[in-house]
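Q: Okay, handing you the structure first.
Numbering (the working numbering), first residue to last: -2 to 110.
Dropping the structure here:
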């Protein structure tokens, strides 16, 4: 049986897309469970999405990178979650942010934009 906070996190993440509240719920569980790396990785993806949504791209890049490092050791399916898909989507988001930041820096250096 899953902890109710884990289930709440999944609903907030997948249905409500309330990434800030995901952080609040998962952080409590993460601390209580002895700083589990899987929970920390999930927490970091949610916070990264919150940062991205609020135009804090450097914060999103930092958290997506940290999350991928933590989630790398886990199988593609853990606790009923499709971590393979989450890792793929996170890598794609990280690539998009990195490309955008590179294009933005290029435009700034050439005086365009």
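Beta carbons are placed, not taken as given, at the ideal position from N, Cα and C, and that holds for glycine. No experiment lies behind these values; they were computed from the predicted model shown.
1) Please state the DSSP three-state secondary structure of residue 103.
2) Suppose the cutoff is 6 angstroms on Cβ atoms and the five residues either side in sequence are ignored; what does the same chain contact list for residue 84 look like?
3) Name the DSSP beta bridge partners of residue 78, please?
4) Distance, Cα to Cα, residue 5 vs residue 22?
5) Pick helix, strand or coil for residue 36, following the three-state DSSP scheme.
6) The alpha helix (DSSP H) spanning residue 68 covers which residue range?
7) Mapping the DSSP letters down to three states, classify residue 15 as helix, strand or coil.
8) Quick check: the stretch 39 to 52 against the stretch 60 to 67, are there 3 or more CB pairs under 8 angstroms?
9) If you draw a straight line from the C-alpha of residue 74 to the C-alpha of residue 65, how long is it?
10) Please check the pair residue 27 and residue 16, which I expect to be a contact at CB under 8 angstroms, by giving their CB distance rounded to whole angstroms.
A: Quick look at the numbers:
1) helix
2) 68
3) 75
4) 7 angstroms
5) helix
6) 54 to 68
7) coil
8) yes
9) 15 angstroms
10) Not quite, the Cβ-Cβ distance comes to about 15 angstroms (not below 8 angstroms), so this is no contact.
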